[in-house]
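In our numbering, the protein residues as written are 56 to 249.
Presented below is the structure to which this report refers.
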């Protein structure tokens with residue numbers, strides 16, 4: 056009977072040890088240099104006086120480069136930079152406004168929920184490239200602002216991952232109109248860590 060109790064007690068410790076090992080392995084899955092392909096759907100808007108006006112909505116695509124440093128078993132921090140091309144266009148009577156691209160850079164903080172799943176947040180700087188054209192004449196400009204994002208990441212292998220992310224950027228006053236320029240985006244990503 057004593058041998059049975061000792062064996063049962065020993066076996067009851069095995070899941071705890073296995074889970075602790077999984078946690079250690081999971082922390083490593085979210086650590087390191089990463090490169091990511093991104094595909095999203097974006098909506099730049101201008102808003103003011105309680106009204107919101109869409110410039111347009113379109114698919115965006117691009118890439119992100121980042122480095123996540125494990126500062127504890129579950130937490131990572133590090134820099135990121137991404138660039139995405141845009142297809143947003145608004146035309147009326149031969150005059151067009153195009154969003155050509157979006158740049159974002161800043162810091163990312165991640166928290167592991169399990170060995171293969173994590174949530175993360177981003178905060179940083181964003182730059183939106185806008186081109187205005189009328190007939191043969193055109194001009195482009197960059198608007199800078201504040202960028203934030205929230206996402207969920209899932210590891211699909213030791214080095215590969217997928218994510219789902221919602222992002223928002225505010226670029227301030229839209230060329231003296233008294234309206235604020237913003238960008239909202241939902242995206243998916245597929246990346247590798249090294």
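Ideal placement from N, C-alpha and C gives every residue a C-beta, glycine not left out.
This one's a predicted model, so the numbers in the text were calculated from it and none came from an experiment.
Going by C-alpha to C-alpha distance, which of 131, 152, 212 sits closest to residue 173?
Among 131, 152, 212, the Cα nearest to that of residue 173 is on 131.
Can the beta-carbon of residue 245 be found closer than 8 Å to that of residue 217?
Result yes, Cβ atoms of residue 245 and residue 217 sit closer than 8 Å.
According to the Cβ coordinates, are residue 247 and residue 89 closer than 8 Å?
Contact: yes.
The beta strand (DSSP E) spanning residue 110 covers which residue range?
Careful: residue 110 lies outside any beta strand (DSSP E) and carries neither H nor E.
Near residue 152, which residues of its chain fall below 6 Å by C-beta distance, leaving aside the five closest residues on each side in sequence?
Taken in chain order, the residues that qualify are 145, 187.
To which residues of the same chain is residue 113 closer than 6 Å at the C-beta, ignoring the five residues directly before and after it?
Excluding sequence neighbours, residue 113 sits near 142, 143.
Would you call the region 113-127 and the region 179-195 touching, i.e. three or more CB-CB distances under 8 Å?
In short, these stretches do not touch, since the Cβ pair count stays below three.
Contact between the region 204-212 and the region 167-182 is defined here as three or more beta-carbon pairs at a separation below 8 Å; is this criterion met?
Yes, they touch.
Can you tell me whether residue 197 is buried or exposed, with buried defined as 16 or more other CB within 10 angstroms of its CB?
Exposed, because fewer than 16 other Cβ atoms sit within 10 Å of the Cβ of residue 197.
Given a cut-off of 8 Å on the beta-carbon distance, is the pair residue 139 and residue 95 in contact?
Taking 8 Å as the Cβ cut-off, residue 139 and residue 95 qualify as a contacting pair.
Which same chain residues, not among the five before or five after residue 40, have their C-beta less than 6 Å away from its C-beta?
Past the edges of the chain, shown from 56 to 249, lies residue 40, and the structure says nothing about it.
How should residue 48 be labelled, buried or exposed, when 16 other C-beta atoms within 10 angstroms of its C-beta is the threshold for buried?
In the structure displayed, the chain extends from 56 to 249; residue 48 sits before or after that span and is not available.
Given residue 150, which residues of its chain have a CB within under 8 Å of its CB, disregarding the five upstream and five downstream residues?
Once the five neighbours on either side are set aside, the close Cβ partners of residue 150 are 187, 188, 189.
Please identify the residue among 97, 203, 158, 102 whose C-alpha is closest to the C-alpha of residue 236.
When each option's Cα is compared against that of residue 236, the closest is 102.
Decide if residue 165 is buried, meaning its Cβ has at least 16 other Cβ atoms within 10 Å, or exposed.
The residue in question, residue 165, is buried, as its Cβ has 16 or more Cβ neighbours within 10 Å.
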